[in-house]
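Chains as they are written, first to last, in the working numbering: chain A, 2 to 400; chain B, 2 to 400; chain C, 63 to 437; chain D, 63 to 437.
Every residue gets a Cβ at the ideal spot worked out from N, C-alpha and C, and that includes glycine.
Being a predicted model, the structure only gives us computed values, none of them experimental.
One structure is given below, encoded as structure tokens.
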Amino acid sequence: MDLSYTEQELAFREDVRDFLAEHLDPQVSQKVRTGRELTKAEMEGWHATLHARGWLAQNWPKSHGGAEWTAVQRFIYEEEAARASAPRIVPFGLSMLAPVLMEFGSKEQQDRWLPRILSGEDWWCQGYSEPGAGSDLASLKTRAVRDGDHYVVNGQKTWTTLGQFANMIFCLVRTDTECKPQEGISFLLIDMDTPGVEVRPIVLLDGTPEVNEVWLTDVRVPVENLVGEENKGWTYAKYLLTHERTNIAGVGFCQAGLDALKRLARTANHNGRPLSENPLFAARIAQVEIELMALATSNLRILAAAGAGRAPGVEASMLKVKGTDIRQAINDLARRAVGPYAMPFASEDVEGSNAPLPDPLNAGAVTKAYLNNRKISIFGGANEVQKNIIAKTALGGRG
Amino acid sequence: MDLSYTEQELAFREDVRDFLAEHLDPQVSQKVRTGRELTKAEMEGWHATLHARGWLAQNWPKSHGGAEWTAVQRFIYEEEAARASAPRIVPFGLSMLAPVLMEFGSKEQQDRWLPRILSGEDWWCQGYSEPGAGSDLASLKTRAVRDGDHYVVNGQKTWTTLGQFANMIFCLVRTDTECKPQEGISFLLIDMDTPGVEVRPIVLLDGTPEVNEVWLTDVRVPVENLVGEENKGWTYAKYLLTHERTNIAGVGFCQAGLDALKRLARTANHNGRPLSENPLFAARIAQVEIELMALATSNLRILAAAGAGRAPGVEASMLKVKGTDIRQAINDLARRAVGPYAMPFASEDVEGSNAPLPDPLNAGAVTKAYLNNRKISIFGGANEVQKNIIAKTALGGRG
Amino acid sequence: MNFDLSDERQMLSDTLRRFLADKYSSTLRNEVLSDPAGLSREIWSQLAELGVIGALFDEAQGGFGGAGGDIAVVFEELGRAGVVEPVLDTAVLAGGIIADLGNADQQALVEQIIAGELHVALAHGEPEARYDLPYVTCRAAEDAEGIRLEGRKAVVVNAEASEYLIVSAREAGGLRDWEGISLFLVPRDTAGLVLQGYALASRGRAAEVVLDGVTLTPEMRLGTAGQGGDALTKAMARSAVAQMAETLGAMHTACEMTQDYLMTRRQFGKPLGSFQALQHRVAEMLIEMEQARSATINALGHLDGPDRDRQISAAKALMGQIGKRIAEESIQMHGGIAMTQEYDLAHFAKRIIMGDHRFGDSDYHLERFIDLSAA
Amino acid sequence: MNFDLSDERQMLSDTLRRFLADKYSSTLRNEVLSDPAGLSREIWSQLAELGVIGALFDEAQGGFGGAGGDIAVVFEELGRAGVVEPVLDTAVLAGGIIADLGNADQQALVEQIIAGELHVALAHGEPEARYDLPYVTCRAAEDAEGIRLEGRKAVVVNAEASEYLIVSAREAGGLRDWEGISLFLVPRDTAGLVLQGYALASRGRAAEVVLDGVTLTPEMRLGTAGQGGDALTKAMARSAVAQMAETLGAMHTACEMTQDYLMTRRQFGKPLGSFQALQHRVAEMLIEMEQARSATINALGHLDGPDRDRQISAAKALMGQIGKRIAEESIQMHGGIAMTQEYDLAHFAKRIIMGDHRFGDSDYHLERFIDLSAA
């Protein structure tokens, strides 16, 4: 048992720091730090910067142009990037679709789509959830009917994050209705410029238009866009979800949030002293910090086990639940730290005047972040579903 | 809406205080305060003292020799008695059996048993729970078969509190096995001197022999000891449980426990200052205190509604859950307040020497109390069962 | 001891509930929320006509209520319906201070408030003050030309729609001294008074207020020079009760929406409400609701008593905690739909959470409770 | 970075687990618990033979381990099996101090400890000290006749079975000064040393120790006069790691018993484990178990590093909280059966809870973590 980083890992951390210091646009990181929305161009720019360095596809094999980082390298990158307030890497093409294509896609599909993910030519979004289905993927209703060389797709997807920027969507569709709900599902790649695809924004409770509904009406999809076999989509979907979950704990986000929280608490006045010196608030911060110190180690342990070929099973669910709990607790404390300045809805600008709010705390959008991150315990498999999974292993396998 | 006590209520409180000051044996209250076990004689003595004053049967009607107190009077008594560390009134005859007899018992049964409860001639215990039944009363298995003028009872009861002191037990028994589980249950009064009744102590995890198993082997019970009708016992049992629950919040116990906790915290050293001045521990105490302030008002509100004829339904379940949560939180803080002196198992005496433990905090049996009171969220309808009841009303009555 | 509503209050409660059920749809609320005024003048007049504002003042002040029980009844209904109009700010907070300290001329403003003809906002908090009540750096200095105010006030709710601001400023004493804080009635169009307005997360609008050489006559002072502290504390106490009752109402609606949703929405082939894990969480929410109601009752019942501030701190600390739990649990148990702005729950959840940021949050009051209990 | 056990530790772990599974039944444990000695000499010898004690010392001290990872492996197994023998007290706590400070003669005692032939107890805490480490009122004064100790020590675990006590006493400095605390090796049969023994709630025995004119030769001092603080702090750090690992093992057993019980026990016609409310609580317990394991790893991994005390405080604070939750939830989900002394869970639950009362509880360490983070 050895908790220290190797020489190589320490050198790698220096590389990452240097890279971030040199290439991260301060205006962009300032927006990330204060919780403002990035433009599409800003996100694409960051992808291009990482791609130029060969660091975009961190867990892809080198044969496909990936960095093939170890679990510890990915953890180090995540930690440094979050602390430097780098934009997050948009995961839909890189971390969600790509592993499925590499495992189940045809050679043609791999050759066609993977380079376009790296280059940024395609912006992918995810068509999993449907209205009325929630965390229950097996009940999905979007239908795809074979018609010659095409599937004709009808249905509706929802909670499609950043769908407003995407030109491609990977969808789970029902190709057989005569079988058990988990069977009869297929995995289709759909060009969003095809007639019949319509994207409608959903405004979240914090005012951000971050997710979308995607309506599919008689959308004709070439059969070569079917991944793997027809009616085997459930298998690919589960594989995708497993891969989606390797960074599920969000330790880097938590650490960046904790840093920001501490900065706020050092600045805020609490009855004549800095809030950070208030024993009760200091204890609340310390509480999330000690939880996070343990979570970071849990994350490394599980990544190490996964790296050694032991698949993360319920451990990923555990990381999801605890990671979202901690992140939400940090958001909650940040909101509380700024006191009445949590009340302005869009605290970055005073309307009309275009002047910044004269908030000495530079609170930024703490309330927006608090509200927005209520989603992290709901989306991506609600925490209740994760607990079901854990309990099933804990109780179902016995007795 | 008026939160102040009336003149009469204030005068009553003075009466109670004077009575406690005059009649409560300091040695007994010292034992109660430090969590030591009372002898049977001490409990009986306190009953006799209350009976002499006419205050034993507080919620009985005057026609049966009761005090017929209002809900507020009972609350005041409970509060004062707990703060003075008076013994609790053993409830099995007075508050559990008696209301059932008054509502469903025959005139003969009332005339025979009620005066003996008041006089202390009978000490009743409860035969509800069975091994393997837990909170699920409907699954009980103890059988009573009619044989001429007697029922012949066979089975086993458990968790019978203070059964070692009792001479009478009221039991739920199955008199019909051919019907739905809730039907076919009868309510029997059994003399524990009858051949075939055997009491075996169960030592709890804190070392106290407070509960018992009661084994019933071919016990012959005269048919006149059947309460109400055969196979209607479920109705009586539910009625009893409702009455058992009027003092279910345990506000007085909580307040006495909070007083004791504060005393400990004022005495204990924490890094050179009294623990009570430590902001974190002070916040933990304040947290239970503000919860308790609200609970006390909830209790009075629900008692007032019950007094006005509105039956406490799920509200009693709510009081049970919150009351036990608070009481356990107080026990937990008391254990933590005394630090390493929580470790001695029987802190009242140093073995052999018969000398008191030289514990400057006079911690008493805080760990015993903490351990023992884990039971309050399990017994008397586990908190999980209470939540089922609340949820059924909240969700079952809709949609 | 009596927990029943008086007949008058029961009638007020019923009338207000019916009125709001009829008129105050979520469509209307969304219109008001997106209106630059931050409130509906029409609704405001109707609330005044119904006597809702008058119920918040006692007879001597021209109203017909004014006790803790009246405040609680009104605000529980306003919270339950999600009313965004600034009744709290104009009537309880600013109106309460005028009624408390105002001379005969100033009292005339209270009549206008009760009639629904006037808005007044309290400009007390400052950018660095957080919840620290005596933290006043704004200065008031009197010379031959009058009283000059200099300084900055933060998050002044409903400032833009108000004809007057009540501004706290220091005439004596050091930062955080209670002694020396004066209150001034400042017409909004006074030269040197600059507002920078913005929308709030949960309702209405607020502004940052810059006082740059605002000059007043001494008649605009409310009460005695340097003695504004008690009236501020009292107004904060009454406003805290109003806020708690509003939050209680909003929590009630959030719980009801959650219960309804769980019974109708199906997942994995069953209504969500049949999943025991969710059932127990609903039960826990309802247990907390009882606690919240009792906390509010404790606060309102002690509003005129000697234990006022300690009781209010106990209650507000608990309300903040319970509010957080109920808002978050309501969202979580709804799932995705509750994350959308157009679904009504989002408004109630924000309302509940933001209630903790006014008049001191749960930690502020927990500490104040400890201090006042030790005193 | 590497989280795998070395081959040696894996072997030690496996051997110890097999041995305890074979030998350490609950019947045996209950015998030991009711034995006035508070431990089984036979088991003690066998543990020593297996190398369990030697694994807690490094080679220079005559052992073959002594690192955080060794301590953790041993104590997790001891905790998992519910071993009541005072390995922590004799080997890690008292033995650690002798190994750290002892001169050549005193080091010979370590050999005896490793061989299982000697018990030593640390008599450091005092009746009024609670967890306050430098709170030492016991006095040591040197004169012509030797060093005289006066004072009182509280809750000295395993004092009665020990041949020596290590007694902390003040030779200089004021109450709570680190400077001036000395450590002395006191044979238990020294005149003036009086023990008042009693059973502990979770395991073994302890005693109140009265030092009434105990007279020692200067050779019985451990290390330099007045300089015992660092060794005490180090021994506390190592013991805290041992305590956490023991608690981790006990929690593991409590969770396993709870899972087994829920799968076998039926209520309302179904296995308890099919009730979703309980399923989710089991899931939460297991999530906390992962956190507890990571906290323990953090602590043991920093035992020889510069961030030792801050890491230990972070971990012990979290362990105390998780322990409470798992002990209480295990009891609650079992229901009545867990309230009985004869059911094994009772022992593990008490063991977990009492682990928070040694070497500083969760609040003590949370505050210490804050202080050390600020420093």
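Using DSSP bridges, identify the partner residues of residue 277 of chain D.
Answer is D:210.
At 8 Å on the CB atoms, spell out the chain B contacts of residue 412 of chain D, in chain order.
The contacting residues are 206 and 372.
For residue 172 of chain B, does the count of other Cβ atoms within 10 angstroms reach 16, so buried, or fall short, so exposed?
Buried is the call here.
In chain order, what residues of the stretch 224-249 of chain D put their CB closer than 7 Å to some CB of chain B?
Listed by position, the residues of the stretch 224-249 of chain D near chain B (Cβ gap below 7 Å) are 238.
Buried or exposed: where does residue 350 of chain C fall if 16 or more other Cβ atoms within 10 Å of its Cβ makes it buried?
Buried, since its Cβ has 16 or more Cβ neighbours within 10 Å.
Between residue 299 of chain A and chain D, is there a C-beta pair that is closer than 9 Å?
Yes - at least one Cβ of chain D is within 9 Å of the one on residue 299 of chain A.
Can you list the beta strand (DSSP E) stretches of 3 or more residues lying completely in the stretch 383-419 of chain C, in chain order?
DSSP runs (the beta strand (DSSP E)) wholly in the stretch 383-419 of chain C: none.
Just to confirm the assignment, what range does the beta strand (DSSP E) spanning residue 209 of chain A have?
Careful: residue 209 of chain A lies outside any beta strand (DSSP E) and carries neither H nor E.
Where does residue 329 of chain D sit, in a helix, a strand or coil, going by DSSP?
In the structure shown, residue 329 of chain D sits in a strand (DSSP, three-state: E or B).
Name, going along the chain, the residues of the stretch 264-291 of chain B whose beta-carbon falls closer than 7 Å to a beta-carbon of chain A.
Within the stretch 264-291 of chain B, the qualifying residues are 280, 281 and 284.
Does DSSP put residue 156 of chain B in a helix, in a strand, or in coil?
Residue 156 of chain B falls in the strand class under three-state DSSP.
For residue 160 of chain B, return the contacting residues in chain D, with the cut-off set at a CB-CB distance below 9 Å.
Those within 9 Å of residue 160 of chain B in chain D are 398 and 401.
Kindly provide the ranges of any beta strand (DSSP E) runs that are 3 or more residues long and lie completely inside the stretch 164-243 of chain A, ordered along the chain.
Qualifying beta strand (DSSP E) stretches, in chain order: 169-175, 186-192, 198-203 and 212-223.
To which residues of the same chain is residue 261 of chain D closer than 7 Å at the C-beta, ignoring the five residues directly before and after it?
Excluding positions up to five away in sequence, the list reads 267.
Give the interface partners of residue 330 of chain C over in chain D, defined as CB-CB distance under 8 Å, in chain order.
Those do not exist, as residue 330 of chain C stays about 11 Å from chain D at its closest Cβ, beyond 8 Å.
Residue 294 of chain A to residue 415 of chain C, Cα distance in whole Å?
Cα to Cα, the separation comes out at about 28 Å.
Between which two residues does the alpha helix (DSSP H) carrying residue 1 of chain A extend?
In this structure chain A extends from 2 to 400, so residue 1 of chain A is not present and cannot be described.
Let's see if you can read the secondary structure: which residues bound the beta strand (DSSP E) around residue 228 of chain C?
Taken as a continuous stretch (DSSP letters only), the beta strand (DSSP E) holding residue 228 of chain C covers 226-232.
Less than 9 Å between the C-beta atoms of residue 74 of chain B and residue 166 of chain B, yes or no?
Going by C-beta atoms, residue 74 of chain B is not nearer than 9 Å to residue 166 of chain B.
Give me the chain C residues within the contact set of residue 377 of chain D, using Cβ-Cβ distance strictly less than 8 Å, ordered along the chain.
Here the premise fails: no neighbours, minimum Cβ distance about 26 Å.
If you run the structure through DSSP and keep just helix, strand and coil, what is residue 240 of chain C?
In the structure shown, residue 240 of chain C sits in coil (DSSP, three-state: anything other than H, G, I, E or B).
Give me, in chain order, the residues of the same chain whose beta-carbon lies closer than 6 Å to that of residue 183 of chain A; leave out the 5 immediate sequence neighbours on both sides.
Correct list, in chain order: 139 and 235.
Candidates C:122, C:166, C:249 and C:128: which alpha carbon is nearest residue 363 of chain C's?
Out of C:122, C:166, C:249 and C:128, C:128 has the C-alpha closest to the C-alpha of residue 363 of chain C.
List, in order along the chain, the chain D residues whose C-beta lies closer than 7 Å to that of residue 338 of chain C?
Chain D residues near residue 338 of chain C: 337, 338 and 339.
For residue 289 of chain C, list the residues DSSP reports as bridge partners.
Its beta-bridge partners are C:243.
Output, in chain order, the set of chain D residues within a Cβ distance shorter than 7 Å of residue 129 of chain B.
None at all; the shortest Cβ gap to chain D is about 12 Å.
DSSP beta-bridge partners for residue 184 of chain C?
According to DSSP, which records beta bridges pairwise, residue 184 of chain C is partnered with C:228.
How would you call residue 355 of chain B, buried or exposed, if buried means at least 16 neighbouring beta carbons within 10 angstroms?
Confidence at residue 355 of chain B is low in this model, with a pLDDT of 48, below 50, so the placement of that residue should be treated as unreliable; the coordinate-derived value is given next. Exposed: under 16 other Cβ atoms inside 10 Å.
Looking at the strands, I want to know which residues DSSP matches up with residue 127 of chain A.
The partner list for residue 127 of chain A (beta bridge, DSSP) reads A:171.
Skipping 5 residues on each side, what residues in its chain have a beta carbon closer than 6 Å to that of residue 146 of chain A?
Here the set comprises 153.
Report yes or no: is there a C-beta of chain D within less than 9 Å of the C-beta of residue 384 of chain B?
So, interface residue.
How would you write the range of the alpha helix (DSSP H) that residue 426 of chain C sits in, first residue to last?
Unbroken alpha helix (DSSP H) run through residue 426 of chain C: 424-436.
Compute the Euclidean distance between the alpha carbons of residue 219 of chain B and residue 232 of chain B, then round it to the nearest angstrom.
Going by the C-alpha atoms only, they are around 20 Å apart.
Three-state secondary structure (DSSP) at residue 97 of chain C?
Three-state result, residue 97 of chain C: coil.
Would residue 177 of chain C and residue 122 of chain C be called neighbours here (beta carbons separated by less than 9 Å)?
Contact: no.
What do you reckon, are the CB atoms on residue 65 of chain D and residue 302 of chain A nearer than 9 Å?
A contact, by the Cβ cut-off of 9 Å.
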